[in-house]
Amino acid sequence: MAHGDRTIAQLDGVERHFGAVQALGGVNFEVRSGECVGLVGHNGAGKSTLMNILAGIGTPDAGLIRINGAVEPGYSIQRARALGVRCVFQELSLCPNLNVAENTRVSHPSLSGRGGARTAADLIMAKLDEIFPGHGIAPGDIVADLSITKRQMVEVARAFTVTSDPLLLVILDEPTSSLDAQTAEQLLSHVRRGVATGTSFVLISHLLGEILNTCDRVVVMRDGMVVADDRSESFDRGRLIATMGGGHPQTQAEGTDTADPGAHRPVMVRAQGAQSQIELVARQGEIVGLAGLAGHGQTKLLIEVFEAGAASQAGISVAAPMALVPGDRQTDGIFPLWSIARNISIRSLARMRRGPFLASDLEQELAATWQERIGIRTPDMDNNILSLSGGNQQKALFARALGSDARIILMDDPMRGVDVGTKLDVYDLIRTEARRGRTFLWYTTETEELNNCDRVYVFRNGQIVSELARGELTEEKVIHSSFEGAEN
Numbered sequence: 000m001a002h003g004d005r006t007i008a009q010l011d012g013v014e015r016h017f018g019a020v021q022a023l024g025g026v027n028f029e030v031r032s033g034e035c036v037g038l039v040g041h042n043g044a045g046k047s048t049l050m051n052i053l054a055g056i057g058t059p060d061a062g063l064i065r066i067n068g069a070v071e072p073g074y075s076i077q078r079a080r081a082l083g084v085r086c087v088f089q090e091l092s093l094c095p096n097l098n099v100a101e102n103t104r105v106s107h108p109s110l111s112g113r114g115g116a117r118t119a120a121d122l123i124m125a126k127l128d129e130i131f132p133g134h135g136i137a138p139g140d141i142v143a144d145l146s147i148t149k150r151q152m153v154e155v156a157r158a159f160t161v162t163s164d165p166l167l168l169v170i171l172d173e174p175t176s177s178l179d180a181q182t183a184e185q186l187l188s189h190v191r192r193g194v195a196t197g198t199s200f201v202l203i204s205h206l207l208g209e210i211l212n213t214c215d216r217v218v219v220m221r222d223g224m225v226v227a228d229d230r231s232e233s234f235d236r237g238r239l240i241a242t243m244g245g246g247h248p249q250t251q252a253e254g255t256d257t258a259d260p261g262a263h264r265p266v267m268v269r270a271q272g273a274q275s276q277i278e279l280v281a282r283q284g285e286i287v288g289l290a291g292l293a294g295h296g297q298t299k300l301l302i303e304v305f306e307a308g309a310a311s312q313a314g315i316s317v318a319a320p321m322a323l324v325p326g327d328r329q330t331d332g333i334f335p336l337w338s339i340a341r342n343i344s345i346r347s348l349a350r351m352r353r354g355p356f357l358a359s360d361l362e363q364e365l366a367a368t369w370q371e372r373i374g375i376r377t378p379d380m381d382n383n384i385l386s387l388s389g390g391n392q393q394k395a396l397f398a399r400a401l402g403s404d405a406r407i408i409l410m411d412d413p414m415r416g417v418d419v420g421t422k423l424d425v426y427d428l429i430r431t432e433a434r435r436g437r438t439f440l441w442y443t444t445e446t447e448e449l450n451n452c453d454r455v456y457v458f459r460n461g462q463i464v465s466e467l468a469r470g471e472l473t474e475e476k477v478i479h480s481s482f483e484g485a486e487n
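So in numbering that gives the first Met the number 0, the last spot in the sequence shown is 487, and the numbers never skip.
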């Protein structure tokens with residue numbers, strides 16, 4: 000691996016405040032040519048804020064930005080693009096009402112005019128083919144009709160597409176959070192190929208294995224400051240977690256009773272698709288995982304189960320109130336005009352009433368309880384939900400579901416963009432709630448999360464093709480079922 004000595008991007012003493020909250024407290028950060036820098040830290044550590052400044056989206060309150068050694072006093076997103084700095088955002092920035100090719104033209108002004116549509120279609124398809132072979136996306140596909148996985152693939156490919164502007168540095172902010180293991184590996188392999196040809200990258204990921212296996216150097220942030228900067232080989236998972244200020248590094252379920260999966264307990268969810276030979280059964284107090292390649296029917300089943308709570312659905316029965324924790328928080332989760340407290344309490348309005356009116360003190364009490372219990376980082380729960388980092392927004396969605404009367408919790412890949420420390424806390428919380436009798440249906444694209452489940456159903460082409468008990472659960476068996484299950 001060749002690494003250049005030339006610094007192509009440098010932030011000196013960068014500060015950023017949002018009201019009374021200090022997001023960045025004088026950060027120094029640099030990226031050299033032909034290297035991939037991993038940027039890690041808990042939610043709210045300042046990672047996305049720092050990268051927004053490097054991408055020209057945010058403006059620092061103090062500090063200097065240098066690109067290729069030159070100070071950029073009027074730095075903007077247009078200037079960043081002209082200099083070759085691109086960003087793949089954690090919250091997707093595609094226009095949902097436009098098709099794939101039209102979204103490519105939006106970010107590449109040189110593709111305007113006669114022939115621009117055809118050129119945009121050719122460019123984005125070529126890049127998708129290069130990064131994600133077998134992607135199944137067409138240039139005329141409307142973005143709103145694509146799965147979140149395919150939308151993420153388009154977002155990535157668009158950032159790598161080169162027209163009149165150069166490609167110097169690509170910032171990848173949780174780029175694999177919506178991808179399954181196969182497509183994530185395709186992207187990370189493309190990053191390493193780019194490094195070998197001199198392109199530079201900043202990779203933000205809460206999947207520490209991705210950081211350690213992909214990056215040349217790792218920068219750790221905590222509370223708006225850089226607290227470590229070292230070669231990736233000097234870190235292991237334990238040191239990374241400790242430096243971030245996290246707790247224990249274990250990721251598997253601890254102290255979970257596996258001897259009795261609860262076969263004697265009441266069935267809370269029963270579902271069987273028209274083509275599936277295997278019936279999904281979730282009993283009281285069970286954590287049931289849904290696995291397989293992304294987009295193979297896991298989310299569809301969760302939505303059908305959720306809808307069965309309001310209206311009868313063929314082949315599906317549910318025995319208690321439900322709540323859904325979505326993975327696509329911007330589209331399916333948050334109410335962007337509301338406060339954090341109101342976003343949490345919306346699922347519990349019946350309990351918030353005093354007579355015919357909503358009682359604000361009860362809403363505040365619920366919000367405060369869950370702020371402490373799940374660790375939502377904000378000075379005021381009456382702040383707008385968008386004042387939170389992405390991971391803290393996701394915590395609010397967990398609080399909404401777990402703070403409600405729901406006895407069945409449906410989780411649609413909910414750990415997207417959530418830091419490792421929070422994940423460990425949420426895993427403990429889920430197991431605690433399961434011991435209290437709540438039932439969880441948990442779709443995840445992170446194989447190691449399945450270790451928290453009592454049983455796992457593997458999906459392929461919209462069907463359940465395998466059921467794995469905890470004792471026989473391995474990544475190899477999940478992968479084998481994902482690809483071979485239709486033939487078994």
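We put the CB at the ideal spot given by N, CA and C, even for glycine. These figures come from a predicted structure and were not determined experimentally.
### Query
Roughly how many angstroms separate the alpha carbons of GLU306 and ALA143, rounded to a whole number?
Position 307 of the sequence shown holds residue 306. Position 144 of the sequence shown holds residue 143. Cα-Cα distance, rounded: 21 Å.
### Segment limits, alpha helix (DSSP H) that includes GLN77
On the sequence shown, position 78 is the one that residue 77 refers to. Taken as a continuous stretch (DSSP letters only), the alpha helix (DSSP H) holding GLN77 covers 76-82.
### Query
Would you call the segment 287-295 and the segment 375-392 in contact, with 3 or more CB pairs under 8 Å?
A contact is defined here as three or more CB-CB pairs under 8 Å, and the segment 287-295 fails this definition with respect to the segment 375-392.
### Residue range of the beta strand (DSSP E) that includes SER465
Taking the first residue of the sequence shown as position 1, residue 465 is located at position 466. Where SER465 is concerned, the enclosing beta strand (DSSP E) stretches over 462-468.
### Query
Do PHE200 and GLY208 have their CB atoms nearer than 9 Å?
Within the sequence shown, the letter at position 201 stands for residue 200. Within the sequence shown, the letter at position 209 stands for residue 208. No.
#### Entry: Residue nearest to VAL218 in terms of C-alpha spacing, selected from ILE408, ASP4, LEU449, GLY45
As a working mapping, residue 218 is identified with position 219 in the sequence shown. Answer by Cα proximity: GLY45.
### Query
Can you list, in chain order, the residues of its chain whose CB lies under 6 Å from that of VAL153, leaving out five sequence neighbours each side?
On the sequence shown, position 154 is the one that residue 153 refers to. Cβ within range, chain order: VAL99.
### Task
Look up ALA252 in the DSSP assignment and say whether it is helix, strand or coil.
Within the sequence shown, residue 252 is the residue found at index 253, counting from 1. Bear in mind that a pLDDT of 46 at ALA252, under 50, signals an unreliable position, so the model cannot answer this.
### Task
Could you tell me the distance, in whole angstroms, from the CA atom of ALA54 to the CA atom of LEU178?
The sequence position of residue 54 within the sequence shown is 55, counting from 1. The sequence position of residue 178 within the sequence shown is 179, counting from 1. Per the coordinates, the alpha-carbon of ALA54 lies some 23 Å from the alpha-carbon of LEU178.
### Task
Output yes or no for whether 9 Å exceeds the beta carbon distance between SER338 and GLY402.
Looking up residue 338 in the sequence shown gives position 339. Looking up residue 402 in the sequence shown gives position 403. The answer is no: Cβ separation not under 9 Å.
### Query
Just the Cα atoms here: how many angstroms apart are HIS295 and VAL457?
Counting from one through the sequence shown, the residue named residue 295 turns up at place 296. Counting from one through the sequence shown, the residue named residue 457 turns up at place 458. Taking the straight line joining both Cα atoms gives about 9 Å.
### Query
According to DSSP, is GLY288 helix, strand or coil?
As a first step, residue 288 must be located in the sequence shown, where it is residue number 289. Of the three classes helix, strand and coil, the one that applies to GLY288 here is strand, per DSSP.
### Message
Can you check which of these residues, SER388, PRO174, ARG434, is closest to ILE130 by C-alpha distance?
### Response
Working through the sequence shown from its first residue, we reach residue 130 at position 131. Residue PRO174 is the option with its Cα nearest to ILE130.
#### Entry: Cβ neighbour criterion (16 or more within 10 Å) applied to ASP259
To locate residue 259, count along the sequence shown from 1; it is residue 260. The predicted position of ASP259 is uncertain, since its pLDDT is 47 and thus under 50; no value can be drawn from it.
### Query
Per DSSP, SER199 forms a beta bridge with which residues?
In the sequence shown, the residue the question calls residue 199 occupies position 200. According to DSSP, which records beta bridges pairwise, SER199 is partnered with LEU168.
#### Entry: Contact between the segment 70-86 and the segment 306-317 (3+ Cβ pairs under 8 Å)
no
### Message
I'd like to confirm the pairing. Which residues does DSSP put opposite MET224 in its beta bridges?
### Response
The residue given as residue 224 occupies position 225 in the sequence shown. MET224 pairs with ARG221.
### Task
Throw me the rounded Cβ distance for the LEU63 and ASP11 pair, which I believe falls under 8 Å.
Against the sequence shown, residue 63 aligns to sequence position 64. Against the sequence shown, residue 11 aligns to sequence position 12. 4 Å between Cβ atoms; contact.
### Query
Nearest CA to the CA of GLU303: which residue from PHE334, GLN271, PHE397?
Here residue 303 corresponds to residue number 304 of the sequence shown, with the count starting at 1. Across the set PHE334, GLN271, PHE397, the C-alpha of GLN271 shows the shortest separation from the C-alpha of GLU303.
### Query
Residues in its own chain within less than 8 Å of ASP256 by CB, not counting five upstream and five downstream?
Residue 256 sits at position 257 when you count from the first residue of the sequence shown. Because the pLDDT of ASP256 is 44, which lies under 50, any placement of that residue in the model is unreliable, and the number read from its coordinates should be weighed accordingly. Cβ within range, chain order: n/a, list empty.
### Query
Residues in its own chain within less than 6 Å of GLY139 by CB, not counting five upstream and five downstream?
Within the sequence shown, residue 139 is the residue found at index 140, counting from 1. Hits under 6 Å: ASN98.
### Query
Tell me, which residues are paired with GLN21 by DSSP?
Translated into positions along the sequence shown, residue 21 becomes position 22. Beta-bridge pairing links GLN21 to HIS16.
### Query
When we look at the beta-carbon of GLU119 and count the other beta-carbons within 10 Å, is it buried (16 or more) or exposed?
Against the sequence shown, residue 119 aligns to sequence position 120. Per the sequence presented here, residue 119 reads as Ala, with Glu not at that position. Classification for ALA119: buried.
### Query
Sorted by chain position, which residues of the same chain lie with C-beta nearer than 6 Å to ASP488's C-beta, five sequence neighbours on each side aside?
Outside the shown range of the chain, which is 0 to 487, sits residue 488, and nothing can be said about it.
### Task
Starting from LEU348, trace the beta strand (DSSP E) both ways and give me its first and last residue.
Residue numbering aside, residue 348 sits at position 349 when the sequence shown is read from its first letter. From DSSP, LEU348 is part of no beta strand (DSSP E); its letter is neither H nor E.
### Query
Beta carbon of ALA183, beta carbon of VAL169: below 9 Å?
Counted from its first residue, the sequence shown places residue 183 at position 184. Counted from its first residue, the sequence shown places residue 169 at position 170. Contact: no.
### Task
Please report the Cβ distance between ARG31 and THR58, rounded to the nearest whole angstrom; I am assuming they are in contact, meaning their Cβ atoms lie under 8 Å.
Against the sequence shown, residue 31 aligns to sequence position 32. Against the sequence shown, residue 58 aligns to sequence position 59. Actually they are not in contact, since the Cβ atoms of ARG31 and THR58 sit about 25 Å apart, beyond 8 Å.
### Query
Once you ignore the five residues that flank THR368 on each side, which residues in its own chain have a CB closer than 6 Å to its CB?
Mapped onto the sequence shown, residue 368 falls at position 369. Cβ within range, chain order: n/a, list empty.
#### Entry: Cβ pair CYS86, ASP215 closer than 9 Å
By 1-based counting over the sequence shown, the position of residue 86 is 87. By 1-based counting over the sequence shown, the position of residue 215 is 216. No, the pair does not count as a contact, with Cβ atoms beyond the cut-off.
### Query
Leaving out five residues before and five after ILE141 in sequence, what residues of the same chain have Cβ atoms less than 8 Å from its Cβ?
Taking the sequence shown and counting its residues from 1, the one referred to as residue 141 is at position 142. Cβ within range, chain order: PRO95, ASN96, LEU97, ASN98.
### Message
Just verifying my parser: in three-state terms, what is the DSSP assignment at GLN312?
### Response
Counted from its first residue, the sequence shown places residue 312 at position 313. Here GLN312 sits in strand by DSSP.
### Message
For a quick check, are the C-beta atoms of MET243 and GLY37 less than 9 Å apart?
### Response
Taking the first residue of the sequence shown as 1, we reach residue 243 at position 244. Taking the first residue of the sequence shown as 1, we reach residue 37 at position 38. Taking 9 Å as the Cβ cut-off, MET243 and GLY37 do not qualify as a contacting pair.
### Query
When you compare only the Cα positions, how much space is there between LEU361 and ARG350?
Here residue 361 refers to the residue found at position 362 when the sequence shown is read from its first residue. Here residue 350 refers to the residue found at position 351 when the sequence shown is read from its first residue. Computed Cα separation, rounded: 8 Å.
### Message
For ARG104, tell me which candidate among ASP228, THR160, ALA398 has the shortest Cα-Cα distance.
### Response
Locating residue 104 in the sequence shown gives position 105, counting from the first residue. Shortest Cα-Cα distance from ARG104 to any of ASP228, THR160, ALA398 involves THR160.
### Message
Let me confirm a value: ASN212 is counted as buried when at least 16 other C-beta atoms fall within 10 Å, else exposed. Which label applies?
### Response
In the sequence shown, residue 212 corresponds to position 213, counting from 1. Result: exposed.
### Task
Could you name the residues of the same chain whose beta carbon sits closer than 6 Å to that of LEU357, not counting the 5 residues immediately before and after it, in chain order?
Locating residue 357 in the sequence shown gives position 358, where the first residue counts as 1. The answer, listed in chain order, is MET351.
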